[in-house]
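Here the sequence shown is numbered in UniProt numbering, starting from 1 and rising by one per residue. Yeah, the Cβ is synthetic: ideal placement off N, Cα and C, and Gly gets one too.
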Amino acid sequence: MTRRKCSRLCLEGRSPKVRRSSTHNKVPTPLLEMRKCLGQLKRMVPTIEQHQKINQLELLQHVINYIQDLEVTLEYPASILHSVSPCRDTADNGHAVQT
């Protein structure tokens, strides 16, 4: 708004309209809550490094994959344990250590 227009409005007894954008001043609560929840999800999934920048869709895909991996682990715990190679002791020339 120009000075001339502002002065004219003031002389006429009207105040100039000031536009205020509430979106720039404050983040709406639902959006803030969503960001907090997404941050918590990111911290809970071990396949994501904390300093790694990923978008929301990538985060959700990581979460889905992690949950599916957990489901498989719960469904077939014995097969997963047997698929892991036994511990090896380097002092024992690489032979499996019995526990």
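Where LEU57 and LYS42 are concerned, what is the direct C-alpha to C-alpha distance, given to the nearest angstrom?
12 Å
Of the residues MET44, LEU32, LYS36, which one's Cα is nearest the Cα of ILE67?
MET44
Backbone secondary structure at GLN98 - three-state DSSP:
With a pLDDT of only 49 at GLN98, under 50, the local geometry of the prediction cannot be trusted, and no value is derived from it.
Work out the CA separation of ALA78 and GLU71 for me, nearest whole Å.
13 Å
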